Every structure is written in C-alpha cells, then in structure tokens.
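Below is one structure, written out as structure tokens; the observations come after it.
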Amino acid sequence: MMLEKLFKLKENNTNVKTEIMAGVTTFMTMAYILAVNPSILGDAGMNSTAVLLATCLASFIGTVCMSLMANMPFVLSAGMGLNAYFAYTVVLGMGYSWQIALLAVFVEGLIFIILSLTKVREAIFNCIPIELKHGVSVGIGLFIAFIGLQNAGLSVDNGSTLVSIVAFRNNFTTSGICALLAILGTLITAILYIKKVKGSILIGIVATWLLGIICQLTGLYQVNPEVGAFSLIPTQFINLDFSALGQTFGQCFKADFTTIKPFEFIVVIFAFLFVDMFDTLGTVIGVSAKADMLDKDGRLPKIRPVLLADAIGTSAGAVLGTSTITTFVESSAGVAAGGRTGLTSMTSAILFLISMLFAPIFTSIPSFATAPALIIVGFLMFSNIAQLKLDEKNYASIIPAYLAIIAMPLFYSISEGISIGIISYVVINLICNIGKKEKTKISPVLYVLAVLFVCKYIFL
2 MMLEKLFKLK
12 ENNTNVKTEI
22 MAGVTTFMTM
32 AYILAVNPSI
42 LGDAGMNSTA
52 VLLATCLASF
62 IGTVCMSLMA
72 NMPFVLSAGM
82 GLNAYFAYTV
92 VLGMGYSWQI
102 ALLAVFVEGL
112 IFIILSLTKV
122 REAIFNCIPI
132 ELKHGVSVGI
142 GLFIAFIGLQ
152 NAGLSVDNGS
162 TLVSIVAFRN
172 NFTTSGICAL
182 LAILGTLITA
192 ILYIKKVKGS
202 ILIGIVATWL
212 LGIICQLTGL
222 YQVNPEVGAF
232 SLIPTQFINL
242 DFSALGQTFG
252 QCFKADFTTI
262 KPFEFIVVIF
272 AFLFVDMFDT
282 LGTVIGVSAK
292 ADMLDKDGRL
302 PKIRPVLLAD
312 AIGTSAGAVL
322 GTSTITTFVE
332 SSAGVAAGGR
342 TGLTSMTSAI
352 LFLISMLFAP
362 IFTSIPSFAT
372 APALIIVGFL
382 MFSNIAQLKL
392 DEKNYASIIP
402 AYLAIIAMPL
412 FYSISEGISI
422 GIISYVVINL
432 ICNIGKKEKT
442 KISPVLYVLA
452 VLFVCKYIFL
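Given below as structure tokens:
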C-alpha cells in the first residue's frame, strides 16, 4: 500500500483512518486562522481576500513539506502572535509598508533555512534540558487553554484584575450564550474523550457549532456585527475567484527599498527570527513530548527536516503574501486524536488547499466552537507535569521549568517562557554548582542563548 510505504503507519502504531481523523481534527481546530489572519493583516492595508488565499496556499506548502520531509503530524500556518507584530508594530507602529514587512519575513525565512541546514537550530533544540522540555509542554498546555478561554469569551478583561470570568447575563444573546455553549462543548468533548470515542475533539467542535446554529435559529443567539456576533450559518458555500491573490503575490520584491533604515530593518528581521524560532521550538518540543516522540535523551530524531519545513513555509508565505508561517501548537489536537505520521499533516494540508474553494464555510466556524478543543488539549499537554519529579535534589532544574510554565500563559508568549526558563536555568545552576563535587553540566549553547535572551530584554 502506497500510504503505508510513504508514511510507515505500522511502524508508528497507527492506521489510515486514525491519521485522517487526526488531520481533520487539527485543521478544524486551526480553521479560525482563515478568518483571523485576513482581519489582522487587513488592518495593515492588505487585501483580506488575498491574505486568505495566501494563508491557505502557504499553509498547504509548509505542511506538505512537513509531511513528506519529516513524516511528522505537525501542521503549519500563519503564526497568530507574529501576524500581530507584523501589522501593529512593523506597519502601523514603525510606519513601514506591508511590502517591506513581507520582505523582512522572506529574509527571516532564508536565514532559518540556512540555520536549519547548518544544524544550529538542531543544536539549540538538543541542548535544552529534559526538565525544561517537559516544562515547555506543560506551559504550552496552560497557554492554549488560556487562548481557549479567551476564544470562548469566558476569560475577559475587567480592568482591575486584568482577567475575570465573563458576566453571563450581560449581553446574553451574544457573548453570554457563546460562553455557555463553549462550556457545554468542553463538557461534551471531555466526556467523549474519557469514553475513548474516536475523533472526540472533532466531534466536540462540530457539536458546539451545531448547537450555536440552533441557538441562532431559535433566537437565543442574535447576530450583531457591531459587537462581534456574526452569523453562524454560512451565506456562501463556494469561492471560485482567486484573482485577488495577485495583489499580494511577489509584492515583497516590489517594496520601496529607499524607505528602509538598515539598523531598524535588521532589528525587525531579528524580532521575526527570534519569536518564530522559539515559538517553533517550543511547539515542537511540547507536541513531541506529548506524542512520546522524544528519545531517551529528550531529543527529536527528525528535528532537522521539521525545522527546515518550517523555514520553507515562512519564505513561501512571504512570497504569496502572508506573515510568518510556523508550526502550530494546535497540532497537539491531532496528536491527541492519535496522529503520529505525515499522513495527519498531509490531510490538514489538503484541507487548507480545499478551503480556498470553501472558505466561507470554514470561516463560519466560530471561535467559541474551537475553544473546547483548545481547553481539553491544554489539559492533555498539562499531564506532562507528572514527568517533573519534585525532589529537592532536582530543584535547580525544576524551578526553571516552573518559571517557564507560568511565564507562557501569563506573558501570553511561548518564546518568553523559553527565554525565562533558559536564563533562570543557567543562572541557578551556575551559582549552585559553586562548591559542588558533582556539578550540573550546562551546554555552551545554553550560555550563549542565556546571554542573547538577556540582551533581547535590554535592547529590544
């Protein structure tokens, strides 16, 4: 069988049905990207339809590379933190055109490719202590659970305590009912998962969406675009007009280079590079740990093709007309559904390509319907905390892992959690090694990373 030969399904203890279901699950969990990314980059002056098409194509290219080059169940698309930096900092804040911003993303992707081919990124991945890797997995779990709570409208800004639970009675027919549906969807997903129902996460997404449609038809949910309450029922099913892509394709090479300030442009490239590198590393570490893909030393044997696929996706995305393409933490949804090979990612890639035709349907999936999946997957990744042995003899490694865990959701950044984890690991172990006969070995790469992270906080 061709699929068996290409993806080595038996070797990875999986089958075609499980892999396809996992790929669909990951895609459905990530489908909100097709609505959010055009909205954010649209604020930077880009054509929203063009961005949507570029996002679909770039996600397809990057994910196919991941599937065929690495045979891993990781799915790529436009990074949601990176597109915000693209639009609100580089374009609206610094005053650069979106074409210049795309050029910065393209250059960043080329640098990534070089780093991947020269084993630099692989060395960085392998030098991170196993405790920090498990801590990153747990931290990502809390981070995506927090995203789920926000997407559900359950966690809101109340002004005084930064976050609070939503007031259900206020605006009940819009945000209130959405929050309740997300809670119900979370319970449905949890029960199905406990009962070991195949595709439980995907079923939870669809069930929550269908309940929302019922609420709209009965009047419990009322459409009000002014407050972000859009119709849950698709009004158009097929899109055959792809001409808008021409408005962004290749525009990174048509930028007005006279407006570039060399030092500032280098800082922009470094910021894209920095965030993309450590968000990707964090995601790969966390998802790999959850899927038991790491070896006994905490290393991922296929890390080089994984990182190379990520880099190729970024450069391709910049040419097509979208912000940085990166490995998505939502890949953990597919892993939780049983995905273990490139067939999972290939399935998601094909769905991204198909979504160019059926974009109106996929963009109708509301964020409160995908929120339960993120919350449950967050729990599944959080379970890796059991790998952190709370022994006084191990505190010098456990405390940095703990700091990385709490930093990710509280600072809303995977890369910040890794930064703080590495800095604290080096400082604590360096000082605690004084006077010890058996000193903790600290990789030279970790020293370099710690210094770079400190410099980032000082100069960026």
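In short: position in the sequence shown from 1, add 1, done, that's the numbering used here. For each residue, glycine too, the CB sits at the ideal point set by N, CA and C. Note that the structure is predicted; figures quoted are calculated from it, not measured.
Ser368 vs Phe275 beta-carbon contact at 8 Å: no
Would you list the one or two residues that DSSP bridges to Ala79? Ile326
Considering only DSSP beta bridges, list what Val157 is partnered with. Ser165
What did DSSP end up calling Ala230 once you bin it into helix, strand or coil? Taken through DSSP and simplified to helix, strand or coil, Ala230 comes out as strand.
Once DSSP output is grouped into helix, strand and coil, what is the label at Asn38? helix
Buried or exposed, going by whether 16 or more other CB atoms sit within 10 Å of the CB of Thr219? exposed
Taking 8 Å as the threshold, find out whether the stretch 116-132 comes into contact with the stretch 443-450 through three or more Cβ pairs. yes
Once the 5 residues before and after Ala191 are set aside, which same chain residues still bring their CB inside 7 Å of it? Answer for Ala191: Ile377, listed in chain order.
Taking its Cβ as the centre, do 16 or more other Cβ atoms sit within 10 Å of Gln237, making it buried, or is it exposed? exposed
Pop quiz: Arg341 and Pro74 are said to be a contact at Cβ under 8 Å. What is the actual Cβ separation, rounded to whole angstroms? Their Cβ separation, rounded to whole angstroms, is 6 Å, which keeps Arg341 and Pro74 in contact under 8 Å.
When the distance is taken between beta carbons, is Leu77 closer than 8 Å to Gly63? With respect to Leu77, Gly63 sits close: the two C-beta atoms are nearer than 8 Å.
Cβ atoms of Lys199 and Gln100: under 8 Å apart, would you say? The Cβ atoms of Gln100 and Lys199 do not sit closer than 8 Å to each other.
On the criterion of 16 or more Cβ atoms from any shown chain inside 10 Å, does Leu211 qualify as buried, or is it exposed? exposed
Kindly list the residues whose CB is nearer than 8 Å to the CB of Val1, restricted to its own chain and excluding five residues on each side of it in sequence; keep chain order. With the chain covering only 2 through 461, there is no way to say anything about residue 1.
Looking at the structure shown, is Asn240 part of a helix, part of a strand, or coil, going by DSSP? coil
What's the C-alpha gap between Leu58 and Met22? 22 Å
Tell me which residue opens and which closes the alpha helix (DSSP H) that Asp277 is part of. Pro263 to Lys291
What three-state label does DSSP hand Asn462 in the structure shown? Residue numbering for the chain in the displayed model covers 2 to 461; residue 462 lies beyond these limits and cannot be assessed.
What number of angstroms, rounded off, separates the C-alpha of Gln151 from the C-alpha of Leu185? 15 Å
Which residue wins for smallest C-alpha separation from Ser117, given the options Ile407, Leu309 and Ile443? Leu309
Could you tell me which of Ser244, Ile215 and Leu246 sits nearest to Ile234, measuring between CA atoms? Measuring C-alpha to C-alpha distances from Ile234 to each of Ser244, Ile215 and Leu246 identifies Ile215 as the nearest.
Using only CA atoms, which one of Lys303, Ser398 and Ile459 lies nearest to Ser68? Lys303
Expressed to the nearest angstrom, what Euclidean distance is found between the alpha-carbon atoms of Arg170 and Val224? 17 Å
Local Cβ density within 10 Å of Pro445, reported as buried at 16 or more and exposed below that: exposed
Going by DSSP in three states, Thr441 sits in which element: helix, strand or coil? coil
Are the beta-carbon atoms belonging to Ala374 and Ile202 less than 8 Å from one another? yes
On a CA-only basis, which of Ile112, Cys456 and Ile406 is nearest Pro277? Give me that one, please. This sequence places Asp at residue 277; Pro is not what is there. Ranking Ile112, Cys456 and Ile406 by Cα distance to Asp277 puts Ile112 first.
By Cβ distance, which residues of its chain are closer than 7 Å to Leu53, with the 5 residues on each side in sequence left out? Sequence-distant partners of Leu53 (beyond 5 residues in either direction) whose C-beta falls short of 7 Å from its own C-beta, in its chain, are Leu35, Pro39 and Ala360.
Asp280: buried (16+ other C-beta within 10 angstroms of its C-beta) or exposed? buried
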